[in-house]
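Student: Just so you know, the numbering used here puts 1523 at position 46 of the sequence shown, and the rest follows in order with no gaps. A virtual CB, placed ideally from N, CA and C, is assigned to each residue, including glycine. Submitted below is the structure of interest, expressed as C-alpha cells.
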Amino acid sequence: MINAERLLDTFLRYVQIDSESGHEKVMGETLVRDVKALGLEPITDKAGETFGSDGFNVFFRFPGTLPGDPFVLSAHMDTVVPGKGIRPFIEDGVIQSGPDTILGGDDKSGICGILEAITTILEKGLPHRTAEVVFSIGEEGGMRGAKAFDMGQLKSKRAFVLDSSGDVGKVIVGAPGQIKIFADVVGKRAHAGLAPEQGISAIQVAAKGIAKMNLLRIDEETTCNIGTIKAEYATNIVPDRVSLIAEVRSRNFDKLNAQAAHIKDCLQAACDEAGAKLEIELRTNYVSYKVDEESDTVKMVLDAAKRVGVKGFTTLGGGGSDANIFNRNGIEAVVLGTGMTKVHTTEETLKVENLNNIAELAFQLLTAE
Ligand SMILES: [Zn+2]
1478 MINAERLLDT FLRYVQIDSE SGHEKVMGET LVRDVKALGL EPITDKAGET FGSDGFNVFF
1538 RFPGTLPGDP FVLSAHMDTV VPGKGIRPFI EDGVIQSGPD TILGGDDKSG ICGILEAITT
1598 ILEKGLPHRT AEVVFSIGEE GGMRGAKAFD MGQLKSKRAF VLDSSGDVGK VIVGAPGQIK
1658 IFADVVGKRA HAGLAPEQGI SAIQVAAKGI AKMNLLRIDE ETTCNIGTIK AEYATNIVPD
1718 RVSLIAEVRS RNFDKLNAQA AHIKDCLQAA CDEAGAKLEI ELRTNYVSYK VDEESDTVKM
1778 VLDAAKRVGV KGFTTLGGGG SDANIFNRNG IEAVVLGTGM TKVHTTEETL KVENLNNIAE
1838 LAFQLLTAE
C-alpha cells in the first residue's frame, strides 16, 4: 500500500542530515517542514535546553475518524556517534553506510515508517484512527528528550515506539530499569607512619563494604556491577575518601530498588562499624516496565503484523528506550523492531524490505478497523 520509492528517498535524505545526540536542530527543522507539508501542525518544545542540545522534540496529532482510542507512534531523531557525514548506499537490497559512520537507521527507520504511513493515508484519503506522533531528541544516552517532553499533552493510553533492532514483527514487552549509585566513603586522614591509629582508611572501609555485597548476576531479571572505584594517595597517608560508581538493572521495579538499597546498606554498615561517613546518591535513570502479552496494545501489533505478512512475536529487551519513559508516565508502551541491525556500530545496516515493512506496519496500525 505504501510508496516504497518515496519511503526510500526520504530515508536516504534523512540519514544524510547529521543529528548526533545534542545536535538535532537541523533534523528537527526538517521534520517540522515535512510535517507541515502534509497539512499537519507540528508542535516543538524546549526539551533541548534541559541537556545542552540545540534540538527539540517534534509532536503532532493525526486526527482520524475510525473508532478506537488514540495511540502514540514514536521514534527518536538523534543518533549515536560517529553520525556525521553519513553516505548511504544500497547493495543487494541492504542499505549501508561508508566504513567511518553508523547508518542512522536507529532510529530514522522508525521516523520514516511513521511518516510514510501517514503520507499514504492522506494521499489516498483513507479513514484512519487518531494518532499522536512524538519524534524525540536525546534518546541515546538517557532518553533525555522524552524525559523533558510534556506528556500531559497526550490523550493516548498506549504507545508504539518504533526503535528496536530485529525484523519487523518483533514486539518488546518489557525492559529493565536502571539505578546508578554514586557513593563516597569518607574516612579520616592521618600520617600512615607516625599516627595511623588516628586515621580511618576509606579504602579499607569501602573494601569491607564491597566484600559483603551481592554483585553481578543477582537473579534472572536483576544485575548489579561496580564500574568505578577511585582513590589515589601517597602510601604514607591514611586515605580519607574513596569514590564508587555502580549500577543496578532489573526488569522488576521492587528488585531494582531492593538491590540498590542492599549496596547502600553494605557500605553504610561498614562505615558505621569504622566511624566513617557515607555520602551516597541513588539516581534512577529509568524505571522498568512489563506490558501484559494479552493486552490490547500487544494484540494490535500482532494483528497488524499478520496483515503485513510478517511473523509477529514478543520478547524482552535488555536496554532502555523512550518506552520506559512513556510507561513511567502511565502510557502503556511497547517497542517495535524496524529491521535495523548492528546498531551503534559502523556496520549498521537495514534491509529495504524491512523499511517497507515497518511503514506497512504503521499503516496497518493506523487503518485497523
Ligand atoms: Zn534507537
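Which value, in whole angstroms, describes the spacing of the CA atoms of Phe-1566 and Val-1829?
Tutor: The sequence position of residue 1566 within the sequence shown is 89, counting from 1. The sequence position of residue 1829 within the sequence shown is 352, counting from 1. One C-alpha to the other measures close to 11 Å.
Student: List in chain order the residues whose CB is within less than 7 Å of at least one heavy atom of ligand 1.
Tutor: In chain order, the qualifying residues are His-1553, Asp-1583, Asp-1584, Glu-1616, Glu-1617, Asp-1640, Ser-1798 and Val-1820.
Student: In its own chain, which residues sit with a C-beta less than 7 Å from the C-beta of Ala-1623, not counting the 5 before and 5 after it?
Tutor: What you label residue 1623 is simply residue 146 of the sequence shown in a count that begins at 1. Correct list, in chain order: Ser-1613, Glu-1616, Asp-1799 and Ile-1802.
Student: Could you have a look at Asn-1702 and say whether DSSP puts it in helix, strand or coil?
Tutor: In the sequence shown, the residue the question calls residue 1702 occupies position 225. Strand at Asn-1702.
Student: Quick one: which unbroken beta strand (DSSP E) runs of 3-plus residues sit fully inside the region 1527 to 1581? Chain order, please.
Tutor: Those beta strand (DSSP E) runs which fall completely within the region 1527 to 1581 and span 3+ residues are 1535 to 1539, 1548 to 1553, 1566 to 1568 and 1571 to 1573.
Student: Quick one: what's His-1668 bridged to in DSSP?
Tutor: As a working mapping, residue 1668 is identified with position 191 in the sequence shown. Answer by DSSP bridge pairing, in chain order: Ile-1714.
Student: Output yes or no for whether 9 Å exceeds the beta carbon distance between His-1500 and Asp-1577.
Tutor: Here the question's residue 1500 lines up with position 23 in the sequence shown. Here the question's residue 1577 lines up with position 100 in the sequence shown. No.
Student: Three-state secondary structure (DSSP) at Lys-1754?
Tutor: As a first step, residue 1754 must be located in the sequence shown, where it is residue number 277. Of the three classes helix, strand and coil, the one that applies to Lys-1754 here is strand, per DSSP.
Student: Return the bridge partner residues of Arg-1784 from the DSSP annotation.
Tutor: The residue labelled residue 1784 in the question sits at position 307 within the sequence shown. DSSP lists no partner for Arg-1784.
Student: By the three-class DSSP mapping on this structure, what secondary structure does Thr-1607 have?
Tutor: The count along the sequence shown starts at 1 and reaches residue 1607 at position 130. In this structure, Thr-1607 counts as coil in the three-state DSSP scheme.
Student: Suppose the cutoff is 6 Å on Cβ atoms and the five residues either side in sequence are ignored; what does the same chain contact list for Asp-1522 look like?
Tutor: Taking the sequence shown and counting its residues from 1, one reaches residue 1522 at position 45. Once the five neighbours on either side are set aside, the close Cβ partners of Asp-1522 are Phe-1533 and Asn-1534.
Student: Roughly how far, in whole angstroms, is the beta-carbon of Glu-1518 from the beta-carbon of Phe-1537, given that I think they are within contact range, below 8 Å?
Tutor: Here residue 1518 is taken as the residue at index 41 of the sequence shown, counted from 1. Here residue 1537 is taken as the residue at index 60 of the sequence shown, counted from 1. At roughly 6 Å, the Cβ-Cβ gap stays under 8 Å, so Glu-1518 and Phe-1537 are in contact.
Student: Cβ of Asp-1531 less than 9 Å from any chain B Cβ?
Tutor: Absent from the structure: chain B. Only one protein chain is present.
Student: From the DSSP output, in three-state form, read off Leu-1813 for me.
Tutor: On the sequence shown, residue 1813 is found 336 positions in, with the first residue counted as 1. In this structure, Leu-1813 counts as strand in the three-state DSSP scheme.
Student: Could you tell me whether the region 1744 to 1755 touches the region 1779 to 1791, using the rule of 3 or more Cβ pairs below 8 Å?
Tutor: In short, these stretches do not touch, since the Cβ pair count stays below three.
Student: May I ask you to report which of helix, strand or coil DSSP gives Thr-1823?
Tutor: For this step, residue 1823 is matched to residue 346 along the sequence shown. Coil, per DSSP.
Student: Which of the three DSSP states, helix, strand or coil, is assigned to Phe-1612?
Tutor: As a position in the sequence shown, residue 1612 is number 135, starting the count at 1. Of the three classes helix, strand and coil, the one that applies to Phe-1612 here is strand, per DSSP.
Student: Could you tell me whether the region 1634 to 1641 touches the region 1541 to 1560, using the rule of 3 or more Cβ pairs below 8 Å?
Tutor: A contact exists between the region 1634 to 1641 and the region 1541 to 1560.
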